[in-house]
Every structure is written in structure tokens, then in C-alpha cells.
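Those protein sequence lines, which keep their order, are chains B and X.
Oh and the first sequence: position 18 is 18 in our numbering, straight run, nothing missing.
Add 1000 to a position in the second sequence, counting from 1, and you land on the number used in our numbering.
Notes follow once the structure below has been shown.
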Amino acid sequence: AQKVTQAQTEISVVEKEDVTLDCVYETRDTTYYLFWYKQPPSGELVFLIRRNSFDEQNEISGRYSWNFQKSTSSFNFTITASQVVDSAVYFCALSEVLFSGGGADGLTFGKGTHLIIQP
Amino acid sequence: EPEVTQTPSHQVTQMGQEVILRCVPISNHLYFYWYRQILGQKVEFLVSFYNNEISEKSEIFDDQFSVERPDGSNFTLKIRSTKLEDSAMYFCASIRKTTSGPTGELFFGEGSRLTVL
């Protein structure tokens, strides 16, 4: 069975600080997808990134960067020079996508990390 | 940019009543999902739907729940007899399909908040 652990329930930092959100996952599949979603106070889920299990390259998108390490089953998310608008709950998620018969497993989400950026 | 749309945004109902939550997935998407998020908790998978039938369902998705794609565009979640613990935000999502299968990138709607009194 798959599992996603976000050990940090809440993180509070002052604006412009860098912050890293941790994500550790468990899966028995060799092919899987990892995701990060942002949930602002308005409640919607905003897709941030998808990473395939066979692609361990780290990725940077503006102030956001992701560090995928299969050896430690981790997919950590760093926000550089944080801003108040980054305040949200961030969810890490895992999908073990099946290709047989066209079916697809749903995402397994972590419990989320509530990030508070103080001005 | 195409998006998944959900209605209603908020519904209040009495315990025991039937509720239907509606979703319009992105038009070229072929895999559809419902997720639930009880207030302050993590997002939980309910059910996936492909080729007009359920592909997977979680333990949460018991006999009180059903899904349907009645007209080729809408994707509905019905709760037959609501309970207090059904109060949650319900998210619809869809995935595009490529020649090698689903892409794995879920597009979520903005959610429907259900309050059961």
C-alpha cells in the first residue's frame, strides 16, 4: 500500500526566508508519480508539479524548487524568498498509475503542511 | 485555459437527504475522480471512473455513494442518505489520456462544500 508522510504539520516563517517542506513516501511500485498541490485559504487545489519516478532530476520554477531523492524516498519542496501569498496548505501526493486495462489509481495525499508566511 | 467546473459551490442539507454534486471535467479528459476533504484534514480518494464504469473505489465509497456520467459531459456524485460525517469539501478531478495511458496529472475543480445538519 502507498503512503505519504508530511511530518511538518505547520511551519511559520518571516517573509523572505527560505522554507523547505518535507515529503516522504512509501510505495512498492517501481513506476509512480509524485505531486505537490497548494491549497490557499479559498480552498481550491492548485497543481504545482508532477515528478515521474524514473526522472530524478531536480526542478526549479521561479522561487520554487523540488528535490527528489529515490534513495531516501523523499520529494521535498523549497520556497526561496518566501512571500505572504505563499501562505497556504501544501499537499504532497503519490500516484501508482496502472496502465493495464486503462484503469488509474487515485492519488494518495499526505496530511498537508500549513505554511504561514508572516510579513 | 480549460478547467474542471463543479456545482454547487456550497450545499447545506438535512441528515438523511439525498445530495447530487455535479462536475464537468475537461472535455478531452477520459479519467474522472472524486476526492473528499473533511475540514482541516487531508484529501482522500473516493472513486475513479473510466469508460463509463468505476475503476477503483476506496473504503469510504460505500453503498451510500454512487457516480454517474449521464450525458457525456457531466460527472455526478450522489450521496443517497447523507450523514453528519459526510460534511466535507468534495473535489472532482480529471486526467488526460495519452497513447501510453493516463498522464498522472490531475486537474481539480474548485470543490463543492457539503454541510450536513
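C-beta: ideal position from N, C-alpha, C; glycine also.
Source: prediction; values computed, not measured.
When the cut-off is 8 Å and only beta carbons count, does residue i lie next to chain X?
i: E10 of chain B; result: no
i: T108 of chain B; result: yes
i: K111 of chain B; result: yes
At a Cβ threshold of 8 Å, is residue i touching chain B?
i: T1005 of chain X; result: no
i: S1027 of chain X; result: no
i: P1002 of chain X; result: no
i: E1059 of chain X; result: no
Starting from the beta carbon of residue i, find every residue of chain B whose beta carbon is closer than 8 Å, and list them in chain order.
i: S1094 of chain X; result: Near S1094 of chain X there are no residues of chain B at all, since even the closest Cβ is about 11 Å away, more than 8 Å.
i: E1018 of chain X; result: Here the premise fails: no neighbours, minimum Cβ distance about 24 Å.
Just checking my contact of residue i with residue j at CB under 8 Å: how many whole Å lie between their CB atoms?
i: S1048 of chain X; j: Y1031 of chain X; result: 6 Å
i: F1075 of chain X; j: L1046 of chain X; result: That belief does not hold up - the Cβ atoms of F1075 of chain X and L1046 of chain X are roughly 12 Å apart, past 8 Å.
i: S82 of chain B; j: E10 of chain B; result: That pair is no contact at about 14 Å.
Going along the chain, which residues of its own chain have a beta-carbon closer than 6 Å to the beta-carbon of residue i, five neighbours each way excluded?
i: N67 of chain B; result: N58 and N76
i: P1113 of chain X; result: It should be noted that the sequence gives Arg, not Pro, for residue 1113 of chain X. Hits under 6 Å: H1010 and M1089.
i: D29 of chain B; result: E96
Along chain X, in chain order, which residues have C-beta atoms closer than 9 Å to that of residue i?
i: E44 of chain B; result: F1091, F1108, G1109, E1110 and G1111
i: K38 of chain B; result: Simply none; closest approach about 11 Å.
Using C-beta distances below 8 Å, list every residue in its chain close to residue i, excluding the 5 sequence neighbours before and after it, in chain order.
i: A93 of chain B; result: V4, L34, F35, W36, Y37, L107, T108, F109 and G110
i: L1106 of chain X; result: Y1033, A1093, S1094 and I1095
Can you name, in chain order, every residue of its own chain whose Cβ lies under 7 Å from the Cβ of residue i, other than the five neighbours on each side?
i: S1073 of chain X; result: V1024
i: N52 of chain B; result: Y33
Going along chain B in order, which residues have a C-beta closer than 9 Å to the C-beta of residue i?
i: F1045 of chain X; result: D105, G106, L107, T108 and F109
inquiry  = To be precise: take each residue of the region 50 to 75 of chain B, compare its Cβ to all Cβ atoms of chain X, and keep it if any distance is under 8 Å. Which residues remain?
reply    = Closer than 8 Å at the C-beta level to chain X, one finds these residues of the region 50 to 75 of chain B: R50 and N52.
inquiry  = To be precise: take each residue of the region 1063 to 1087 of chain X, compare its Cβ to all Cβ atoms of chain B, and keep it if any distance is under 7 Å. Which residues remain?
reply    = Going along the region 1063 to 1087 of chain X in chain order, one finds no residue with a Cβ nearer than 7 Å to chain B.
request  = Output, in sequence order along the chain, the residues in the region 79 to 92 of chain B whose CB is closer than 7 Å to any CB in chain X.
outcome  = Taking 7 Å as the cut-off between beta carbons, the residues of the region 79 to 92 of chain B near chain X are F91, in sequence order.
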